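So for the sequence shown, UniProt numbering puts the first residue at 1; every next one is plus one.
No residue lacks a Cβ here, since even glycine has one placed at the ideal position from N, Cα and C.
The structure displayed is predicted, hence computed values, not measured ones.
Heads up: the structure comes next, in structure tokens.
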Amino acid sequence: MLEKVEISNAEWDVMRVIWALGETTSRQIIEALSDRRQWKPATTKTLIGRLVAKGYVGTRRKGRAYIYYPIIKEQQTINEQILTSFGNICQMHVGQTLATVLNNVELSKDDIKKLESILEVKAKNAPESLPCNCVPNGSCDCMMEMDN
Numbered sequence: 001m002l003e004k005v006e007i008s009n010a011e012w013d014v015m016r017v018i019w020a021l022g023e024t025t026s027r028q029i030i031e032a033l034s035d036r037r038q039w040k041p042a043t044t045k046t047l048i049g050r051l052v053a054k055g056y057v058g059t060r061r062k063g064r065a066y067i068y069y070p071i072i073k074e075q076q077t078i079n080e081q082i083l084t085s086f087g088n089i090c091q092m093h094v095g096q097t098l099a100t101v102l103n104n105v106e107l108s109k110d111d112i113k114k115l116e117s118i119l120e121v122k123a124k125n126a127p128e129s130l131p132c133n134c135v136p137n138g139s140c141d142c143m144m145e146m147d148n
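Below, the structure is given as structure tokens:
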């Protein structure tokens, strides 16, 4: 298992195509991204090369073409990226951040039921408030926010 997955926004676009297709060529990736990104083919190939070098994408030769396939799993990578992001913010802001996300994304009825179930369980043992976990003497205004 990978320790920490670091993927740039541009690399995410490439990974999403690779995850969707399972196995693909650089030509297919370039075509799939042509409407979304106006990259030169060399740019896409550079991004693929970076993902291979990072160990996130595997490659094998088939005739004259290279076939690319995902080594890292999509949902696991998404989860790791989100949890890393939440680990970088003060826990006092996590609830509001989640509320903002929920207000700005579409969810299925099944997704909503799943979230309600999780929140119901969490509510049983949740504290009234969470303390600031920012670096002391950092640039955080959490303590001032608590006073207001």
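Among the options, the one whose alpha carbon lies nearest that of residue i
i, options, result
"S85", "K73, L98, A42", "L98"
"residue 149", "I89, Q38, E106", "Lying before the first or after the last residue shown, residue 149 is absent from the chain, which here runs from 1 to 148."
"Q91", "D35, P127, T43", "P127"
"W39", "A65, E11, D110", "E11"
Cross-strand partners of residue i (DSSP beta bridge)
i, result
"K62", "A65"
"T24", "Y68"
"V94", "None, per the DSSP bridge assignment."
"V57", "P70"
Length of the line joining the Cα atoms of residue i and residue j
i, j, result
"C132", "I118", "24 Å"
"N125", "R27", "52 Å"
"G22", "E74", "11 Å"
"K45", "V57", "12 Å"
"T59", "V52", "7 Å"
"M15", "I82", "16 Å"
"I30", "V121", "45 Å"
"H93", "L130", "9 Å"
"T100", "I112", "15 Å"
"S108", "Q96", "21 Å"
"T77", "V105", "19 Å"
"I7", "A123", "34 Å"
"K54", "L102", "32 Å"
"A20", "K114", "25 Å"
"N9", "S34", "16 Å"
Assigned exposure category for residue i - 16 Cβ within 10 Å defines buried
i, result
"E32", "Correcting the residue identity first, residue 32 is Ala in this sequence and not Glu. Counting Cβ neighbours within 10 Å, A32 comes out buried, since at least 16 surround it."
"P70", "buried"
"residue 182", "In the structure as shown, the chain starts at 1 and stops at 148, and residue 182 therefore has no counterpart that could be examined."
"V17", "buried"
"T24", "buried"
"Y68", "buried"
Contact belief for residue i with residue j at Cβ below 8 Å, rounded distance in angstroms
i, j, result
"I72", "V5", "6 Å"
"residue 150", "R50", "Beyond the ends of the chain as shown, which are 1 and 148, falls residue 150; an answer cannot be given."
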